[in-house]
Amino acid sequence: MSALGWIAIFLAVWLALSATTTGIALPDPMALLAAVLLLLVALLAVYRWRGEVDLLRMLRRGGMVLLPILLAALVPIVLVFSGDGLDVRLRQAALAGLIIVTGWLATFIFQEERRQRDRSEQELDLLMALRSEVFTIVEKLDKHPITRQAEEVERNIAMGGDDPTGAYFPFSASESPATVYDAVSGQLHVINAATLEPVLRFYAAFSELGTMVADTHRAEFPRLEARRRITLHKELTQQRRATLYWGLRALEDINLKIGVPNPEAIPRSGKNEDVTL
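Next comes the structure, spelled out in structure tokens:
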């Protein structure tokens, strides 16, 4: 592809310089062939080097930037290919302008391609980092049977009653902070919206879970009656399940985005089969 591109550019420039230096008029078919070849090389290069990027969107951006230039070049271009009686020097100048405009368009496309490639690399780095942290949290949540343990805890709370001497107060370990998410939160705009949504939902659920666990550590919690403590524990259990669910969703969507085979095949403990996608 690179060799073909250089050949096409060399052909167009050689034709223009040859006409300028020798005064020989360029046949219209040759001029048209040079321009079309240049455009095809640019488009084929884009298709090859960024197959997953929306080509039409990129060309639309290029058209918006170069629209005034293209409009200004439209008249001489038409004259080059349709006016047989035009002065040779005018036709040469118009052809040179056409080559320059085509070069500008190709330059813009390749610059846009480079920018999008850098963005894709940054997105991949972010997703890999988030994937690691999400999986760590999901693995921690999934290694305990959430529903079965909750039923046991709520039963013990009910049996203990309201008497402080015999009441049962379950202890929930505090959640570790989401250090990776906090570090990259200012760069999340580069991630595709469809992939980012479940990730944000997971971290929102995880943050709420941490808040609810912290509430159970407050001095007021042991003074609550058993009925109220059971209700709060049920809400805490639901939040654990929700966090696990959105963690699995985020992992599957990240796996799909980065091209992991079988993106839904996430290692599980088998202790929370009631939490599935």
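Heads up: the sequence shown begins at 232 in our numbering, then just goes up one per residue. Even glycine gets a Cβ: it sits at the ideal position worked out from N, Cα and C.
Are residue i and residue j close, meaning C-beta to C-beta below 8 Å?
i           : j           : result
residue 434 : residue 450 : no
residue 475 : residue 411 : no
residue 444 : residue 406 : yes
residue 421 : residue 357 : yes
residue 503 : residue 376 : yes
residue 470 : residue 440 : yes
residue 478 : residue 369 : yes
residue 505 : residue 338 : no
Following the continuous alpha helix (DSSP H) through residue i, name the residue where it begins and the one where it ends.
i           : result
residue 464 : 457-489
residue 501 : Taken as a continuous stretch (DSSP letters only), residue 501 belongs to no alpha helix (DSSP H), as it is neither H nor E.
residue 402 : Here residue 402 belongs to no alpha helix (DSSP H), and DSSP marks it neither H nor E.
residue 409 : Note, residue 409: premise wrong, no alpha helix (DSSP H); not H, not E.
residue 427 : 424-447
residue 507 : Looking at the DSSP string, residue 507 is not in any alpha helix (DSSP H), and its letter there is neither H nor E.
What's the C-alpha gap between residue i and residue j?
i           : j           : result
residue 497 : residue 344 : 33 Å
residue 380 : residue 374 : 12 Å
residue 416 : residue 388 : 39 Å
residue 418 : residue 364 : 16 Å
residue 426 : residue 489 : 10 Å
residue 351 : residue 342 : 14 Å
residue 472 : residue 353 : 31 Å
residue 424 : residue 335 : 31 Å
residue 491 : residue 442 : 33 Å
residue 413 : residue 331 : 47 Å
residue 391 : residue 494 : 45 Å
residue 431 : residue 367 : 16 Å
residue 386 : residue 394 : 15 Å
residue 447 : residue 397 : 18 Å
Pull up the CB-CB distance for residue i and residue j, whole angstroms please, since I reckon it's below 8 Å.
i           : j           : result
residue 403 : residue 463 : About 11 Å; that fails the 8 Å criterion.
Exercise. Does the pairing of the region 481-493 with the region 450-470 give three or more beta-carbon distances under 8 Å?
Worked result: no
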